[in-house]
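*Asks:*
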Amino acid sequence: YDNEQLAKFANSLLDKHFIWSLGKILRENALIVVSRCIPRKEFRNFVDFLSDLARKQIVKDYTYWLFDYADVSQQPIPYNLFRKNRWIYEHEKHMAKLEEMVRQFQKNS
Numbered sequence: 299y300d301n302e303q304l305a306k307f308a309n310s311l312l313d314k315h316f317i318w319s320l321g322k323i324l325r326e327n328a329l330i331v332v333s334r335c336i337p338r339k340e341f342r343n344f345v346d347f348l349s350d351l352a353r354k355q356i357v358k359d360y361t362y363w364l365f366d367y368a369d370v371s372q373q374p375i376p377y378n379l380f381r382k383n384r385w386i387y388e389h390e391k392h393m394a395k396l397e398e399m400v401r402q403f404q405k406n407s
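Under my numbering, the first residue of the sequence shown is numbered 299, with each subsequent residue one higher.
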């Protein structure tokens, strides 16, 4: 498990629409990967992929946590709206609206 393989794996995640944050753990050959809400099937495929990498000893091991958003209404954006490293809907417009909603919530809290 060398740094070069870890870097290749990390780079392979950079253009994925479901990756929210990616960080290297200092003095360890390990990553922390935080993903956005993704459809169940795609999540299962990703976990299967990680398991396959572990079986091939490309990845030593992995752990994942599921967060329960029971109090939040949500709908993941379909992955097929992300093509050639770009969203094919008005992403900036929707993100701006969401950011404004967050600012209003913070202001009123």
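Yeah, the Cβ is synthetic: ideal placement off N, Cα and C, and Gly gets one too.
Mind checking which residues open and close the beta strand (DSSP E) that includes L320?
*Replies:* Residues I317 to K322.
*Asks:* Tell me I330's beta-bridge partners as DSSP assigns them.
*Replies:* Paired residue(s): G321.
*Asks:* When DSSP labels each residue in this structure, what does F380 get in the three-state scheme?
*Replies:* Strand, per DSSP.
*Asks:* Counting pairs of beta carbons, one from the region 304 to 322 and one from the region 330 to 341, are three or more of them closer than 8 angstroms?
*Replies:* In short, these stretches touch, since the Cβ pair count reaches three.
*Asks:* Measuring CB to CB, does V357 end up less than 8 angstroms from L364?
*Replies:* No.
*Asks:* V345 to R353, Cα distance in whole Å?
*Replies:* Taking the straight line from one Cα to the other gives about 12 angstroms.
*Asks:* Below 8 angstroms between beta carbons: does that hold for A308 and L329?
*Replies:* The answer is yes: Cβ separation under 8 angstroms.
*Asks:* With distance defined between alpha-carbon atoms, name the residue in K314, Q303 and K306 nearest to K382.
*Replies:* Residue K314 is the option with its Cα nearest to K382.
*Asks:* Could you round the C-beta distance between N301 and N343 to whole angstroms and report it? I think they count as a contact, below 8 angstroms.
*Replies:* N301 to N343, Cβ: 27 angstroms. No contact.
*Asks:* Look up W385 in the DSSP assignment and give the residues it is bridged to.
*Replies:* Answer is F380.
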